[in-house]
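Novice: Residues 3 to 221 (the working numbering) make up the sequence shown, in order. For glycine and all other residues, C-beta sits at the position ideal for the given N, C-alpha and C. Predicted model, so just to flag it, every value in this text is computed and none were measured. Before we start, here is the structure in question, set down as structure tokens.
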Amino acid sequence: MEDADDARRNAALAASLDRLQFVLLNALDSEYGRQIVEDELLLPGDSAKPGIKPSKNESAPSAKRKRLEHCAQCKLEFDVATNGMDECVWHSVPSAKHWPNDIHHPLRENDTGKKLAEKDLSAPKFRTCGQCTQEFDVTKNRNGSCFWHDGALDVIDADESKAKSPDAFQWSCCQKPGGATGCKVTRHNTKVPSGKRLVSWNHPHALPAGAGLAFATLD
């Protein structure tokens, strides 16, 4: 059974490069952490010398950074001290598949992230969700934003007068009426789930937002 030291060591070895860089940037916010980074990473000739603490009047641009940065992915300003998982939603947009993690990445001159972000600046802010068919703001897309059904619509009333009414169907995924709010709660996705096709209802205005009725597989 591994002890706490082994667990911490294994977690550090298993962390991705992006995560390690994020932790290292956060370490710069404390005097103790900044001193360790200076001792280990700064080369001779850098403005902050290893092992020497800069005076209050001495500037150390390599060790001190802005508290607020602009993200290279979503272009939004964020607080580097509180930047955590699930903060950045840029990677969920189909046109930007370059980022494996959903944390903000500081914008730097001449880096790959900056070039990729600038390439996608023309991407629209609002997209249509392929799951619930609602329009959403990609900068505010979070887990819990989208309510939809991933099952098929089964006919429960063969009356021809109700053939295109939600009341004539039942969702196979949750056994709820056709007009029920989606049983799956996720973030929005612009891709249409596999096997779904457009269904036209007689009274679409009567359906609740997020009901997920626009795309369904009719058996």
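Is the beta carbon of C134 closer than 8 Å to that of G153?
Specialist: Not a contact, by the Cβ cut-off of 8 Å.
Novice: What does the Cβ neighbour count give for L155, buried or exposed, with the cut at 16 atoms within 10 Å?
Specialist: With 16 or more Cβ atoms within 10 Å of its Cβ, L155 is classed as buried.
Novice: In whole angstroms, what is the alpha-carbon distance linking D41 and R21?
Specialist: The alpha-carbon atoms of D41 and R21 are separated by roughly 21 Å.
Novice: To the nearest angstrom, how far is the alpha carbon of K127 from that of D161?
Specialist: K127 and D161: Cα-Cα distance of roughly 43 Å.
Novice: Per DSSP, which one or two residues make a beta bridge with L70?
Specialist: Answer by DSSP bridge pairing, in chain order: D81.
Novice: Determine the DSSP secondary structure at P1, reduced to helix, strand or coil.
Specialist: What the structure shows of the chain is the stretch from 3 to 221, and residue 1 is not part of that stretch, so it cannot be assessed.
Novice: Can the beta-carbon of P168 be found less than 8 Å from the beta-carbon of G180?
Specialist: Yes, Cβ-Cβ distance for P168 and G180 is below 8 Å.
Novice: By Cβ distance below 7 Å, which residues in the same chain neighbour D139 in space, the five residues on each side in sequence not counted?
Specialist: Closer than 7 Å at Cβ, skipping near neighbours: K127, F128.
Novice: Compute the Euclidean distance between the alpha carbons of W191 and G132, then round it to the nearest angstrom.
Specialist: It is worth fixing the name first, because residue 191 is Asn in this sequence and not Trp. Going by the C-alpha atoms only, they are around 6 Å apart.
Novice: Taking the continuous alpha helix (DSSP H) assigned at V25, which residues delimit it?
Specialist: Counting along the chain, the alpha helix (DSSP H) containing V25 begins and ends at 19 to 29.
Novice: Quickly, what does DSSP pair R11 with across the bridge? List them, please.
Specialist: Looking at the DSSP assignment, R11 forms no beta bridge with any residue, so it has no partner.
Novice: So for K193, helix, strand or coil by DSSP?
Specialist: K193 falls in the coil class under three-state DSSP.
Novice: Is any beta-carbon of chain C found at less than 8 Å from that of D41?
Specialist: Here chain C cannot be found, since the structure has a single protein chain.
Novice: Locate the alpha helix (DSSP H) running through D41, then write down its first and last residues.
Specialist: Unbroken alpha helix (DSSP H) run through D41: 33 to 43.
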